[in-house]
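*Asks:*
Protein chains in written order, with our numbering: chain A, 11 to 100; chain B, 7 to 602.
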């Protein structure tokens, strides 16, 4: 299992388009993907409902955990997505 | 909620979600809650699989229904509106939803309908309980898709038009909460306005009503008990006010505002199609910035004369591996064909800095904005650049295309990029691939060195496009996302204006156009300055065209030239803003807006 700590900088937090992009990206991998908040609450990274229910706000940190054959690629892809600020910076 | 006698007018307040004023006969919707198939007890264990099968069939029917509705909405209101239904489709596949429903049937013996409702209630309650307007709105999307599932399970077909009764006349719908699927089926010719008890600005229903041009006020508590069916109600979607049984004076006020709105809309409808030039005939080209092919419709609807900036980063981000030439070609071609002969400026990949994409490993840099980004990265990743240039050249066979390189700081980079383009062109030509004979090449002027050296660059490019967002932050050494220094970031800083003036002048001396695609181009306060500076092409987010063009056509080029002469001699951004504001105030004949 691999995990990575990331900070959500997007002005919407992990909602709306960012959440949807996250789920889309996560769903492309076989690995089981979990997203954990600092308060210990956890959600399925492939579930839009799960991610929304975490209510991750701008500036909050999350831990992404992937477990499975393509866990390294999954974590790398999600890290790039988050670090690119969901490609909205211009 | 108090009714103040049956005659006086009554005022209710809510949230303004869709602009405009409307008046009509109230039509209060009483919802029928879908009847659950009552079963005496739990499903027999032998029947559980049959229930699961029923569920799966219903899910596929709903999926098809959503896709058809999305296609219809997309054709009618544009792609962004079709995507609203994509959210509902996502819920159908969500691991926190569907597997739970199936589990309820198999393990708890619940009938399909009950299982769907039980799980959706849990999810909706969880989302609704969060202290967050956006999430509360998503609970509505879940209820909407659940309604579709239950209807299918009970053998219902696709939902038809919402209005079955004979012509009810102009109506104002009063409802507890409007589902996106209902908003999408409202006929603006019959429904003049909408009032809801719950819901807010970020709801999908609100987004659809705006697109349909139906004025709406949401979140009016107790609306359904305060308004009687058939009463006259007025909806002020600008102020978020509802007037029940309006007085004669209010009725007259509504009529005046409606005719003013129609006049402005009529003006915009004419203006949108009219050539964009100043009052004294100075022609400028107004274009749109886009990030996806879907935005073409919006650009055209706002009268864009071309795409001045097509950012290509988004597809790169949305695929886990790098998009290949074919994918890029398909997307560029869609934009070029969609713009029907209007020029499209495609910017090569601008990643690095704060923007990363999957598939390109970037080194951690201590100072990413001064690091390996834009053309610097593309020149190093030559396979990537070549594939993109091939896709762009191939798209040029379908309409006018221009190519633009980002983050150019020196002539060497421009020359290397042009050499890459030429090599790709020759390779394609050798294979007999169709492409335009001439594809103009330009650079983003966003690094101060390129602005300062604009006279030399002008000899080697076909156009400039000033990227003010980066130019301002580099010229003023201020990151606008850093609160401590954000105040220093100001496109109206005289140092920035002098750089822009220099770029425009260098372009004109060489007879090439000077464009701008940064946020400044869409800022109406900057409009007189940019006109006076002689900027030829202005590219902005589609929505900004509606704000800039009406102003542009009122301005006199001659007067703005004098304004520019004055502001270029000023010392601070505050002075420039004050001078420009004073200039605009003298000119504005703004009718005082009527309020109730």
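By construction, the Cβ of each residue, glycine as well, lies at the ideal position given by its N, Cα and C atoms.
Which runs of the beta strand (DSSP E) at least 3 residues long sit entirely within the region 287 to 365 of chain B? Give them in chain order.
*Replies:* 291 to 296, 313 to 316, 350 to 353
*Asks:* Could you tell me the distance, in whole angstroms, from the CA atom of residue 152/B to the CA atom of residue 64/A?
*Replies:* 22 Å
*Asks:* How about residue 239/B and residue 220/B: do their beta carbons lie closer than 8 Å?
*Replies:* Cβ atoms of residue 239/B and residue 220/B: not closer than 8 Å.
*Asks:* Give me the DSSP bridge partner(s) of residue 75/A.
*Replies:* 13/A, 44/A
*Asks:* In three-state DSSP terms, what is residue 466/B?
*Replies:* coil
*Asks:* Looking only at its chain, what residues have a beta carbon closer than 6 Å to the beta carbon of residue 76/B, apart from the 5 residues adjacent to it on each side?
*Replies:* 88, 91
*Asks:* Report the rounded CA-to-CA distance for residue 404/B versus residue 313/B, giving the unit in angstroms.
*Replies:* 15 Å
*Asks:* What residues of chain B sit near residue 47/A, judged by a beta carbon separation below 9 Å?
*Replies:* Correct list: empty, because the minimum Cβ distance to chain B is about 13 Å.
*Asks:* Along the chain, where does the alpha helix (DSSP H) containing residue 458/B start, and where does it finish?
*Replies:* 454 to 458
*Asks:* Since residue 381/B and residue 414/B are thought to touch, with beta carbons under 8 Å apart, how far apart are those beta carbons, to the nearest angstrom?
*Replies:* 5 Å
*Asks:* Could you tell me whether the Cβ atoms of residue 177/B and residue 26/B are closer together than 8 Å?
*Replies:* no
*Asks:* What's the call for residue 593/B, buried or exposed, on a 16-neighbour Cβ count within 10 Å?
*Replies:* exposed
*Asks:* Determine, using beta carbons only, whether residue 471/B and residue 351/B come nearer to each other than 8 Å.
*Replies:* Contact flag set, yes.
*Asks:* Quick one, which residues of the region 104 to 136 of chain B are near chain A if we go by CB-CB under 8 Å, in chain order?
*Replies:* Of all residues in the region 104 to 136 of chain B, the ones placed with a Cβ closer than 8 Å to any Cβ belonging to chain A are 129, 132, 133, 136, in chain order.
*Asks:* Are the C-beta of residue 144/B and some C-beta of chain A separated by less than 8 Å?
*Replies:* yes
*Asks:* Based on the DSSP secondary-structure assignment, which residues constitute the bridge partners of residue 202/B?
*Replies:* 181/B
*Asks:* Between residue 310/B and chain A, is there a C-beta pair that is closer than 8 Å?
*Replies:* no
*Asks:* Would you check if the distance between the CB atom of residue 40/A and the CB atom of residue 78/A is smaller than 8 Å?
*Replies:* yes
*Asks:* Taking the beta carbon of residue 268/B as the centre, do at least 16 other beta carbons fall within 10 Å, making it buried, or is it exposed?
*Replies:* The residue is exposed, with fewer than 16 neighbouring Cβ atoms inside 10 Å.
*Asks:* Which residue's Cα is closest to the Cα of residue 62/B: 107/B, 23/B, 183/B?
*Replies:* 107/B
*Asks:* Taking only the alpha-carbon atoms, compute the straight-line gap between residue 412/B and residue 497/B and give it to the nearest angstrom.
*Replies:* 19 Å
*Asks:* Can residue 464/B and residue 521/B be called in contact, C-beta distance under 8 Å?
*Replies:* no
*Asks:* Since residue 100/B meets chain A, which of its residues come closer than 9 Å, beta carbon to beta carbon?
*Replies:* 33, 54, 56, 57, 58, 59, 60
*Asks:* Grab me the residues of residue 91/A's own chain with a C-beta within less than 7 Å of its C-beta, minus the 5 sequence neighbours each way, in chain order.
*Replies:* 31, 32, 35
*Asks:* List in chain order: all unbroken beta strand (DSSP E) runs of 3+ residues lying wholly within the region 68 to 153 of chain B.
*Replies:* none
*Asks:* Once the 5 residues before and after residue 391/B are set aside, which same chain residues still bring their CB inside 8 Å of it?
*Replies:* 354, 355, 384, 385, 423, 426
*Asks:* Can you pull the chain A residues whose beta carbon is under 9 Å from the beta carbon of residue 141/B, in chain order?
*Replies:* 25, 62, 63, 65
*Asks:* Are the CB atoms of residue 159/B and residue 56/B nearer to each other than 8 Å?
*Replies:* no
*Asks:* Within this structure, are the beta carbons of residue 502/B and residue 445/B separated by less than 8 Å?
*Replies:* no
*Asks:* Is there a Cβ of chain A sitting closer than 8 Å to that of residue 96/B, yes or no?
*Replies:* Residue 96/B belongs to the set of residues whose beta carbon lies under 8 Å from a beta carbon in chain A.
*Asks:* Give a yes or no on contact between the region 125 to 144 of chain B and the region 202 to 213 of chain B, applying the rule of three or more CB pairs nearer than 8 Å.
*Replies:* yes
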